[in-house]
Amino acid sequence: MEIRTKAVVFYEEKIHSAKEIGETYNISERTVRRWAQNHRNDPENGLKPKKTGPRRRTRWAIPKSLEQRIIRLKGKYPAWGARRIKHQFELSCSWRTVHRILKKHGLLIRIKAKPQPSGKRFQRRHVDSMWQGDTFQFRIRGVGKVYVTGFTDDCSRYRVKSKVYLHKDAASAVNALQWALRAGRIPWEIYLDNGKQFVSKLFKAEAQKHNIKLIFGRPYHPRGRGKIERYHKTLYRELIALKQFRSLGHFRKELWRFDQLYNNWRKQEILNWMTPSSVYNNKTNFNKNRKCLSSGHKLCQQNGQ
Numbered sequence: 006m007e008i009r010t011k012a013v014v015f016y017e018e019k020i021h022s023a024k025e026i027g028e029t030y031n032i033s034e035r036t037v038r039r040w041a042q043n044h045r046n047d048p049e050n051g052l053k054p055k056k057t058g059p060r061r062r063t064r065w066a067i068p069k070s071l072e073q074r075i076i077r078l079k080g081k082y083p084a085w086g087a088r089r090i091k092h093q094f095e096l097s098c099s100w101r102t103v104h105r106i107l108k109k110h111g112l113l114i115r116i117k118a119k120p121q122p123s124g125k126r127f128q129r130r131h132v133d134s135m136w137q138g139d140t141f142q143f144r145i146r147g148v149g150k151v152y153v154t155g156f157t158d159d160c161s162r163y164r165v166k167s168k169v170y171l172h173k174d175a176a177s178a179v180n181a182l183q184w185a186l187r188a189g190r191i192p193w194e195i196y197l198d199n200g201k202q203f204v205s206k207l208f209k210a211e212a213q214k215h216n217i218k219l220i221f222g223r224p225y226h227p228r229g230r231g232k233i234e235r236y237h238k239t240l241y242r243e244l245i246a247l248k249q250f251r252s253l254g255h256f257r258k259e260l261w262r263f264d265q266l267y268n269n270w271r272k273q274e275i276l277n278w279m280t281p282s283s284v285y286n287n288k289t290n291f292n293k294n295r296k297c298l299s300s301g302h303k304l305c306q307q308n309g310q
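The following block contains the structure:
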């Protein structure tokens with residue numbers, strides 16, 4: 006402080022030049038001029054040394070009620086991360102703030118991501134251009150193995166239909182496809198695995214009846230069906246793993262309710278935090294030459310894809 010005072014006095018009184026003062030006190034000319042300017046701006050405190058070291062970042066304070074709501078939401082949806090909680094409920098804070106609150110209360114669940122093979126993401130431009138189909142199985146106590154066969158739109162991630170069966174056979178796959186088509190919209194293609202229920206003559210004949218092209222992926226290579234695999238993962242984590250089903254009928258009701266929320270309420274990051282339903286039913290995402298069933302379930306189609 007004493008050196009600063011002397012240097013400024015010598016400089017302001019023009020006793021010595023900035024260069025001479027710098028050589029005397031082993032400081033730069035720029036520092037001498039800066040000290041003098043600080044003294045002019047604030048004669049009392051301008052020459053006091055400023056604290057050094059990293060600045061402490063000021064955290065945004067949020068209302069206690071919002072913090073409690075974030076904790077309750079995490080308790081209700083334990084598999085959800087900070088981004089999904091923030092965007093799903095349109096919270097008035099950033100996802101980083103949500104992350105900080107979850108970390109503060111020890112609510113973060115670290116899941117090591119599996120290494121993904123290199124390659125570009127595959128996604129159709131229009132809805133109903135391609136569906137993905139698959140069968141997911143699990144057990145219900147007192148019932149045995151249960152098979153969920155259904156179809157997911159590739160562009161919008163919209164779950165077109167889910168049907169539950171006790172057998173994994175061609176008749177069940179055909180029935181699931183017929184239910185999926187009852188809404189009146191027909192895909193140009195369906196991407197499937199090589200399950201016996203899909204490669205059967207019965208299922209191929211049903212698809213051919215509606216001029217649907219079937220595409221079969223390589224055996225033991227589920228990456229091409231990533232969107233429907235993601236649906237199955239969400240189904241397991243957010244429904245099957247959390248509930249005890251009393252019967253097959255009970256599971257069917259819960260599955261229908263789950264699909265309603267999945268399509269119409271649950272937002273997805275890959276869709277820019279929109280719901281699958283809002284994308285699937287948006288006319289701007291329709292193909293001009295799309296296929297459809299009329300109200301009388303008579304096939305009406307136009308050429309092109």
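Quick note: to get the working numbering, add 5 to the position in the sequence shown (first position is 1).
Ideal placement from N, C-alpha and C gives every residue a C-beta, glycine not left out.
{"Check": "May I ask you to check if the CB of I75 is nearer than 7 Å to at least one heavy atom of the ligand FMN?", "Outcome": "Among the components of this structure there are no ligands whatsoever, and the ligand FMN is therefore not found."}
{"Check": "S252: buried (16+ other C-beta within 10 angstroms of its C-beta) or exposed?", "Outcome": "exposed"}
{"Check": "How long is the line joining the alpha carbons of F15 and P48, rounded to whole angstroms?", "Outcome": "16 Å"}
{"Check": "Between which two residues does the beta strand (DSSP E) carrying W136 extend?", "Outcome": "M135 to I145"}
{"Check": "Which residues in the same chain have their Cβ closer than 6 Å to the Cβ of W85, if we skip the five residues on either side of it in sequence?", "Outcome": "none"}
{"Check": "Does the Cβ of Q307 have 16 or more other Cβ atoms within 10 Å, making it buried, or fewer, making it exposed?", "Outcome": "Low per-residue confidence applies at Q307: pLDDT is 35, beneath 50, and the placement is therefore not dependable, though the value from the model is reported in the following sentence. Counting Cβ neighbours within 10 Å, Q307 comes out exposed, since fewer than 16 surround it."}
{"Check": "Output needed for R45: all residues of its chain with C-beta closer than 8 Å, excluding positions within five of it in sequence on either side, in chain order.", "Outcome": "G51"}
{"Check": "Can you give the Cα-Cα distance for L260 and N294, rounded to whole angstroms?", "Outcome": "33 Å"}
{"Check": "Please confirm if the region 206–216 is in contact with the region 174–186, defined as three or more CB-CB distances below 8 Å between the two stretches.", "Outcome": "yes"}
{"Check": "Would you kindly check if the distance between the Cβ of A178 and the Cβ of F203 is under 8 Å?", "Outcome": "yes"}
{"Check": "Am I right that N290 and V132 are in contact with their C-beta atoms under 8 Å? What's the rounded C-beta distance?", "Outcome": "5 Å"}
{"Check": "Please determine if the region 152–164 and the region 96–113 are in contact, where contact requires at least 3 C-beta pairs separated by less than 8 Å.", "Outcome": "no"}
{"Check": "Please classify K91 as buried or exposed, where buried requires at least 16 other C-beta atoms within 10 Å of its C-beta.", "Outcome": "buried"}
{"Check": "Determine the contact status of K173 and Y152, defining contact as a CB-CB distance below 8 Å.", "Outcome": "yes"}
{"Check": "How would you label P83, buried or exposed, when you count the other beta carbons within 10 angstroms and need 16 or more for buried?", "Outcome": "exposed"}
{"Check": "Report the CB separation of K232 from Q137 in whole angstroms; it is logged as a contact under 8 Å.", "Outcome": "6 Å"}
{"Check": "What are the boundary residues of the beta strand (DSSP E) that T157 is part of?", "Outcome": "G149 to D158"}
{"Check": "Would you check if there are 3 or more beta carbon pairs closer than 8 Å linking the region 268–283 to the region 107–115?", "Outcome": "no"}
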